[in-house]
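A.B. asks:
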Amino acid sequence: MYDVVVIGAGQAGLSAAHHLRRRGLVPGVDMVVLDSGDGPGGAWRERWDSLTLGAAHGIHDLPGLPLGDPDPAEPASAVVSRYYGAYEERFGLDVVRPVRVRDVRPLVGEAGDEVVEGGTGEVVDRGVDRTSPLVVSSDAGSWTTRTVVSATGTWTRPHWPAYPGRETFLGRQLHTHDFVSAEEFRGKHVVVVGGGASAVQFLLQIAEVTTTTWVTRRPPVFDVRSFDQEWGRDVERRVVERTSAGLQTLSVVGATGLALTPVYQQGIDDGVLVSRGMFTRITPAGVVFEDGEVQADVILWATGFKPAVDHLAPLRLREPSGGIATDGVHVPRDPRVFLAGYGAGASTIGATRTGRAAALAALERVGRR
Ligand code: FAD
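Residue numbering for the sequence shown is 1 to 369, as defined by the UniProt record's numbering.
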């Protein structure tokens, strides 16, 4: 029986593990960290080579070991994998991998039927025992624990929006998740869908080797105000408002907007960062707008990610509105589960902070604070 199982060894999971370890929990005895990656690095391990540290927004230090001053031209995937690997070793975190957690359920008593209040239609009891220990199951084994810190990020849940005709397209479709380099599109017409930083960065790279069409649901708004602390607090406030109400998390660009850098301004002036709006349907040969069809070889969906929380489904944490209601790292529906890196915590700074908060909350729960 463990006190805490941490699921995920990205920025949030490592921060949580560090604080648990610092307060006396011993990996393999009182706590365990499980991760589905083949090696250290969290989602960063998977990102494309042209996403260098210079092109990223910045990686916040993990507690107790600064990242230092790596070469901004080196791929962030390599830098961060090395950093997290050194971190795990330095603090003896003994991450167990590759382990993909399939589900988390109560040890005693299965989830029962929902009890719905007649008058209001509100779910008043989901029939889940919230006191028993939890069993964390995977294909590589199972672990029984008093609490779970879920720090699984979003990378493993790419969001592919549904559009009419998507399945008929004869060219290639890929998601940000699978992007390797612009070079593979040379000579092909590429439709890039999405209004966030990834879409913008892909367009600028791909337009150097071939032609592109940018598709966004809303006209992109490049923000000229300064992205300072006050802006950061404003973003956080808006995200927290949604997650505490149990609403689905906002897209990153929906929360942060896009900063108008000189490079982006040049892209606008060159006509690359000019959106055609949204297409109405996809055909075998391309995409159809209200004013005509664009032939395409590739559709690149830079349409973001959703929180990877499917493994928590047996605990029935979701609200009718689709999200998990949170109070900081707490899930009011279940006192044994803490979410790190979720909602407003989904940046390296937020993940570091919520990893700590989740560790302290789990220690409190098991009486070891
Ligand atoms: P992750 O790094 O995704 O770690 C989660 C870990 O959990 C992974 O190792 C994964 O393998 C594992 N996992 C998932 N599901 C399971 C499971 N079922 N069982 C076991 N393990 C599991 N933020 C910034 O602060 N600065 C940036 O410059 C920046 N750039 C970004 C660029 C892109 C393209 C994207 C998509 C995001 C970017 N972010 C950036 C946000 C970034 O993802 C977060 O900053 C941070 O790295 C997230 O940390 P995390 O620990 O929550 O998640």
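For glycine and all other residues, C-beta sits at the position ideal for the given N, C-alpha and C.
As the structure is a computational prediction, the values presented were derived from the model and not from experiment.
#1: Using the three-state DSSP reduction, which class does Asp94 fall into: helix, strand or coil?
#2: With a 10 Å radius around its C-beta and 16 neighbouring C-beta atoms as the bar for buried, classify Val115 as buried or exposed.
#3: Quick check: the Cα distance between Leu258 and Phe305, rounded to an integer number of angstroms?
#4: Which residues does DSSP pair with Leu363 in a beta bridge?
#5: Return the chain-ordered list of same chain residues with a C-beta closer than 7 Å to the C-beta of Arg218, the five sequence neighbours on each side being excluded.
#6: Which value, in whole angstroms, describes the spacing of the CA atoms of Asp30 and Leu204?
#7: If we ignore side chains and look at the alpha-carbon of each, how far apart do Asp94 and Pro27 end up?
#8: Ile59: beta carbon under 7 Å from a heavy atom of ligand 1?
#9: Among residues of its own chain, excluding the 5 on either side of Val294, which ones have a beta-carbon nearer than 6 Å to its beta-carbon?
#10: Can at least three beta-carbon pairs, one atom from the stretch 337-356 and one from the stretch 319-326, be found at a separation below 8 Å?
#11: For Gln173 and Val298, I'd like the C-alpha separation in whole angstroms.
#12: State the start and end residues of the unbroken alpha helix (DSSP H) segment that holds Tyr264.
#13: For the alpha helix (DSSP H) containing Arg11, list its first residue and its last residue.
#14: Below 8 Å between beta carbons: does that hold for Trp301 and Trp143?
C.D. replies: Short version:
#1: Looking at Asp94 - three-state DSSP - the assignment turns out to be coil, as it is neither helix nor strand.
#2: Residue placement at Val115 cannot be trusted, given a pLDDT of 49 that sits under 50; what the coordinates show is reported in the next sentence. Exposed, by the Cβ-count rule.
#3: The straight-line gap from Cα to Cα measures roughly 17 Å.
#4: Residue pairing by DSSP places Leu363 opposite no residue, since no beta bridge is assigned to it.
#5: Apart from the 5 residues on each side of it in sequence, Arg218 sits with its Cβ closer than 7 Å to the Cβ of Gly195 in its chain, given in chain order.
#6: The straight-line gap from Cα to Cα measures roughly 48 Å.
#7: So the two alpha carbons sit approximately 6 Å from each other.
#8: Yes, since a heavy atom of ligand 1 falls inside the 7 Å radius drawn around the Cβ of Ile59.
#9: Leaving aside the five residues that flank Val294 on each side, the residues in its chain whose CB is nearer than 6 Å to its CB run, in chain order, Thr213, Gly286, Val287.
#10: Verdict: yes, contact present.
#11: Their Cα atoms are separated by approximately 6 Å.
#12: It spans 262-269 - the alpha helix (DSSP H) in which Tyr264 sits, taken as one unbroken run.
#13: Reading the sequence as shown, one finds Gln at residue 11 and not Arg. Run containing Gln11: 11-22, per the alpha helix (DSSP H) assignment.
#14: Their beta carbons are not under 8 Å apart, which means Trp301 does not touch Trp143 by this criterion.
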